[in-house]
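Before any comments, here is the structure.
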Ligand SMILES: [Zn+2]
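Numbering (the working numbering), first residue to last: 25 to 449.
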């Protein structure tokens with residue numbers, strides 16, 4: 025039975041479900057709760073938990089029944105589990121599942137958005153450099169200087185100044201194009217740099233979350249039993265599951281592998297550590313114990329569709345969506361972009377809107393010549409007779425509009441402790 029590579033390379037949901045099916049009901053319930061972000065507890069699981077509330081002394085040693093203001097009922101009298109007890113458990117399971125699935129979707133949307141956004145930035149950057157070389161006659165050294173100075177360049181100020189000069193017709197079209205492209209190049213380099221940092225951090229946070237199960241406190245809340253017996257069950261369930269998984273996959277587990285699985289199943293050692301441990305500095309290592317392997321296999325599946333609760337951050341208007349469209353089309357100023365991103369990621373519904381705006385923006389997966397045409401149109405000198413249809417990133421938005429957005433988002437700001445770090449980038 026001793027083996028150094030305890031499980032074969034491919035581990036799928038089918039193996040995991042088959043292993044769970046061999047367990048005693050109490051351990052099945054526990055494993056499905058621990059896999060809550062990937063699995064829905066069955067009706068039998070819920071009835072099982074409700075029955076334990078009804079018969080706390082028989083099984084769990086807790087006092088769950090008194091939570092509903094009823095004295096524990098002796099077992100012989102318990103023929104049917106009261107419906108309200110089943111409903112109460114069901115509600116808790118639904119609430120927790122919505123929370124963990126929502127968090128999973130949130131990571132997925134953020135990573136998806138940033139991936140496409142950065143790909144677009146890189147393509148646009150390439151197009152801009154091409155235009156600078158071919159249409160503005162910029163030398164390679166000039167382009168290198170632009171890149172080198174991007175970090176400290178006063179981009180917003182330069183864009184405003186350029187817009188004012190164009191407005192007063194103090195600049196030739198060729199000069200305008202060269203200056204505009206140069207400034208936007210630098211703005212894009214900064215965007216890329218900024219999103220690279222957020223992306224890396226988000227990927228690590230996502231991984232840590234994927235490898236996590238509910239804590240004993242939360243499990244006890246759902247199940248309605250005391251923490252002590254719950255912890256013992258958790259250990260037993262993970263142990264049994266790891267062995268069952270090995271059997272299902274026709275492998276074997278040595279003691280060390282089972283111990284590693286139990287350790288991982290207790291959730292004490294999150295891969296990547298916690299945010300406070302300096303999460304971004306730790307490399308992404310996927311442990312090889314059966315528990316972590318199972319979680320990873322489930323995490324590798326696409327995120328299940330999930331409809332977030334609607335919000336009213338846009339106040340029923342189109343201000344927010346219009347701003348999001350500008351964001352996805354690289355037409356939003358730097359400060360505005362940072363502000364909008366910080367607020368959007370705090371609300372799952374808003375984040376969904378942003379991702380949808382991006383997917384409908386026609387900026388994803390464009391061919392090089394299409395990107396070039398887009399950039400050319402956006403950076404052309406505005407004409408007096410035909411003003412730009414959308415606010416370019418140069419002029420600062422009117423004070424009133426900014427305030428509107430703040431009002432719209434105010435109820436939301438700072439409600440999500442997990443996102444507080446976002447303001448530091
Ligand atoms: Zn919202």
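Ideal Cβ placement from N, Cα and C applies to all residues, glycine included. Computed from a prediction, not measured in an experiment: that's the story for all the values here.
Query, Result
"beta-carbon residue 463 near ligand 1 non-hydrogen atom, thresh 8 Å", "Nothing can be reported for residue 463: it is not among the residues displayed for the chain, which extend from 25 to 449."
"Nearest-angstrom Cα separation, counted from residue 357 out to residue 425", "Low local confidence applies: a pLDDT of 43 at residue 425 is under 50, so the model's placement there is unreliable, and no value is given."
"Simplified DSSP assignment, three categories, for residue 174", "coil"
"Exposed unless 16 or more other CB atoms sit within 10 angstroms - verdict on residue 393", "exposed"
"For residue 322 and residue 284, the rounded distance between their alpha carbons", "19 Å"
"Buried versus exposed, by CB contacts within 10 Å (16 or more), residue 120", "buried"
"Heavy atom of ligand 1 within 8 Å of residue 373 beta-carbon", "yes"
"Sequence-distant residues of the same chain with beta carbon closer than 6 Å to residue 412, five excluded per side", "Legend: pLDDT at residue 412 = 49, less than 50; position of this residue unreliable, no value from coordinates given."
"Own chain partners of residue 238 with C-beta closer than 8 Å, once the 5 adjacent residues on each side are dropped", "57, 58, 60, 120, 124, 246"
"9 Å Cβ cutoff met for residue 354 and residue 183", "no"
"C-alpha gap between residue 53 and residue 219, whole angstroms", "40 Å"
"Closest by C-alpha distance to residue 176, when choosing among 269, 204, 213", "213"
"Residue 268, buried or exposed, once every other Cβ within 10 Å from all chains shown has been counted against 16", "buried"
"Validate contact between the region 313-330 and the region 188-202 using beta carbons, cut 8 Å, 3 pairs", "no"
"Residue 160 Cβ short of 8 Å to ligand 1 heavy atom set", "no"
"Completely contained beta strand (DSSP E) runs for the region 102-127, where each covers 3 or more residues", "none"
"Residue 46, DSSP secondary structure in three states", "coil"
"Status (buried if at least 16 other CB within 10 Å, exposed otherwise) for residue 66", "exposed"
"Cβ separation of residue 129 and residue 372, assumed to be a contact under 8 Å, to the nearest whole Å", "7 Å"
"Among 51, 215, 64, 110, nearest to residue 77 - alpha-carbon criterion", "110"
"DSSP-derived helix/strand/coil call for residue 134", "helix"
"Backbone secondary structure at residue 179 - three-state DSSP", "helix"
"Alpha-carbon to alpha-carbon, residue 310 and residue 231", "9 Å"
"Cβ-based neighbour list, residue 315, same chain, cut-off 7 Å, excluding 5 preceding and 5 following", "262, 266, 285, 288, 289"
"Three-state secondary structure assigned by DSSP to residue 273", "coil"
"Inter-residue Cα distance where the pair is residue 376 and residue 133", "7 Å"
"For residue 72, three-class secondary structure by DSSP", "helix"
"Nearest-angstrom Cβ-Cβ length linking residue 47 and residue 264, presumed shorter than 8 Å", "6 Å"
"Local Cβ density within 10 Å of residue 205, reported as buried at 16 or more and exposed below that", "buried"
"Every unbroken alpha helix (DSSP H) inside the region 299-353 [4 residues or more]", "314-323, 343-352"
"Of the listed residues 131, 348, 155, nearest to residue 399 (C-alpha basis)", "155"
"Neighbour-count burial assignment, residue 181, 16 or more Cβ in a 10 Å radius", "exposed"
"For residue 253, three-class secondary structure by DSSP", "helix"
"Identity of the residue in 257, 113, 381, 187 nearest residue 403 by Cα", "187"
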